[in-house]
Amino acid sequence: MPVLASASSLRDSTEGSCVRDCDSGFFEGRMSSGSEEAQCVEAFKRMLYTMQNVRRTIVERILNECEVDEADVDALDKALQELTDSRTSGEMRHISTPAANFPINIRDEIRGLRDAVILSSSAPDTRRKDCEFLHRLSKVTSKSPMIENALDQIQLDTILAPYHPESPKKFEEELQDAERFLMDFVDSAYSGVKPLLVTDWDGTMKDYCSQYATNLQTKLDLVILSESLQPVYSAVVMGRFAELFTRATAVLTAGPLRGPGILDLTALPINGPVLFSGSWGREWWLRGRRVVHEDGISEEGFDAIGRLSDEMTDLLEDSSFAQFALVGSGVQRKVDRLTLGVQTVFGHVPLELVVRYIDAIKERIHRVDPNNANLVLENSSPLEIEVCAHNSGAVWNKGDGVASLIESLHDSLKNGKVLVAGDTTSDLPMLQHAVSENPDVSP
């Protein structure tokens, strides 16, 4: 992933040609797709990765130095202009690859930078949460070297309240309830031990996104970024809360760490106050390195998953199936499985093409594992399928992920309070494991 994190680098990375060789020569970053313009996928990918790196740079500077660089804020404004230029019709971005041209939905990518128009009695008011947050913060940081004082002065609640789906008044009521709950959670006076926070990511700490890789809070390495990009204000508040009030804050997600994964998609510093995991907590990023828990997975299973991943890379170079690199989960390599996107949440992919793609996947599985000894194909949802390595029979869940983290940290769930956050049944094992160790758990 390019480590480009300035206004000039964002501008340079999205202008000019898309440097990708193909049979017909270099593809321009801006191409014609019938009557519409299309953007080369490499240029689009580069722009989105760079945009998230800018966000991460902004967050790290705010957390460490309580400073805002106006050049970085301008870079986000330019990114929004890029996403909404003539190559986007409504919420559909026209993308070009050497094999085919096709549209992808970038609603979440756009909303990550610009939220919906709020209609008032006068003229429509287009509000930008991140941009407004950063502009306000840049005005007060020179006077307030402490980030807490700066956050108090900018009145973040007044920026967010207008976006509540019901009303600003309802936002204030819910904010007060949340504040009371969290004040009780962080009150460690009775034990003298800071609490633990263990949380899911998608749907809990950030919105779901129609494409995982654009879920850059994105393979071609794309399956596109966004947070769908995690907003800067969210990352700043979460990072500061974790550092001040918890002895450890950990994120458990079903997606991978890399490739793309949560380390590519978050706006938080990956070696900062929040710990990140992938594959339901089978893999963690701890102290600058990847820690993998291989319980129950055979060497043959690992090898088969690796070879199938290579087969999928080849398959996606087929012009018939190129767009599946950008559909839903794309191709996610996890510790014990591959997750393959087959349909978007909007149902954009024709059913006949989905069926042919799944048949092609089955054929590649048979190449790698002709005797069905190491791999099994599972339909996890209408939007994706999973190819899993056979294991010893034990089913790894997020509760196991929590246990593996606590062991790696040489900590214990029995000490102090534990807060568990999630939004689906797959998050319940985290709560069940925490309760089994500590009755003073807050769900």
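Under this note's numbering, think of the first position of the sequence shown as 44, with each following residue one higher. Backbone N, C-alpha and C define an ideal beta-carbon position, used for all residues, glycine too.
Going by DSSP, P146 is part of no alpha helix (DSSP H) but of the beta strand (DSSP E) stretching over N144 to N148.
Y276 sits close to K172, with the two beta carbons spaced by under 8 Å. Contact check for D466 against G246 passes: the beta carbons are separated by less than 8 Å.
According to DSSP, I138 shares a beta bridge with Q82 and F145.
Scanning T127, G298, V317 and L311 for the CA closest to the CA of R290 turns up V317. Cα atoms of A86 and S362: separation of roughly 19 Å, rounded to the nearest angstrom. For D307, the closest of Q375, F367 and I428 by C-alpha to C-alpha distance is Q375.
Counting only the Cα atoms, A446 lies some 33 Å from Q219.
Its chain contains A432 as the residues whose beta carbon lies nearer than 7 Å to that of F345, once the 5 sequence neighbours on both sides are disregarded; these appear in chain order. With a cutoff of 8 Å on beta-carbon distance, L311 and M355 are scored as not near each other.
Contact between D243 and T296 holds: CB atoms are separated by about 7 Å, below the 8 Å threshold.
In the three-state scheme derived from DSSP, where H, G and I count as helix and E and B as strand, S181 is classed as helix. Listed as beta-bridge partners of G321 by DSSP are E326.
Look at V97 here: in three-state DSSP terms it is helix.
Restricting attention to N481, V478 and V102, the CA atom closest to the CA of P274 is found in V102. Contact between the region 321 to 332 and the region 377 to 389 is present: 3 or more CB-CB pairs across the two stretches fall below 8 Å.
Annotation note: the region 365 to 406 contains the following uninterrupted beta strand (DSSP E) runs of length 3 or greater, listed N- to C-terminal: 374 to 376 and 380 to 384.
Here the C-alpha atom of Y206 lies approximately 41 Å from the C-alpha atom of E450. Take C174, set aside five residues on each side of it, and the residues of its chain with a beta-carbon closer than 7 Å to its own are V116, L119 and D120, in chain order. Cβ neighbours of P188 within its own chain (closer than 8 Å, five residues either side excluded): C109. When the Cα atoms are used, G459 and V398 turn out to be separated by approximately 51 Å.
Taking a contact to require three or more Cβ pairs closer than 8 Å, the region 209 to 217 and the region 131 to 150 do not qualify as touching.
If you check the CB distance, P238 and F224 do not come in under 8 Å. Going by DSSP, I190 is part of the alpha helix (DSSP H) stretching over I190 to I197.
In this structure, P211 and A204 form a Cβ contact; the two beta carbons are roughly 4 Å apart against a cut-off of 8 Å. Rounded to whole angstroms, the gap between the alpha carbons of W327 and N422 is 26 Å. Excluding residues up to 5 positions away in sequence, R325 and S447 lie with their Cβ nearer than 6 Å to the Cβ of H336 in the same chain. Taking 8 Å as the cut-off, the beta carbon of G331 is found no closer than this to the beta carbon of L106. Boundaries of the alpha helix (DSSP H) around L306: I305 to L308.
By the beta-carbon neighbour count (other beta carbons within 10 angstroms, threshold 16), R333 is exposed. In this structure, DSSP gives N107 a helical state, which the three-state scheme calls helix. Residues of the same chain with a CB within less than 7 Å of the CB of F145, apart from the 5 flanking positions on each side, are I138 and Q366 in chain order. In the displayed model, K88 falls within a helix according to three-state DSSP. Here V111 really is in contact with S181; their C-beta atoms are around 4 Å apart, less than 8 Å.
When DSSP states are grouped into helix, strand and coil, S423 belongs to the strand group. Within 10 angstroms of the beta-carbon of Q198 lie fewer than 16 other beta-carbons, which makes it exposed.
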